[in-house]
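Numbering (my numbering), first residue to last: 1 to 123.
Comments concern the structure below.
Below you can see the structure in the form of structure tokens.
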């Protein structure tokens, strides 16, 4: 069964790499969003299995963890798992602290551990 993923705030090269990684290992449909308002609108109208948010959104360099908090505090958002895309463990811990699942780093796309981490959500 195809899983739905919302990729938020990735620059073009990162979006391509993430899409390639996800499509190689999982049966997914990936939607993209660049800024907070578009993300919230999509989350109100579409159920996603996983929302992968960059630490710094490429379009406006806003904070991905703050966006996670906004999502968690916004009524009408359909239930979803949030995950940070960042190479830095300290930011992953901050994201977990606001209710996200421990995420993945951009340098980890070739790691079997990364595939295993995503399996509960996309497998």
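Every residue, glycine too, gets a C-beta built ideally from N, C-alpha and C.
Item, Value
"Which residues does DSSP pair with residue 83 in a beta bridge?", "52, 101"
"In angstroms, rounded to a whole number, what distance separates the CA positions of residue 56 and residue 76?", "24 Å"
"Helix or strand or just coil, what does DSSP make of residue 6?", "strand"
"By how many angstroms is the C-alpha of residue 33 removed from the C-alpha of residue 61?", "13 Å"
"Compute the beta-carbon to beta-carbon distance between residue 9 and residue 58, rounded to the nearest angstrom, for a pair I have assumed lies under 8 Å.", "6 Å"
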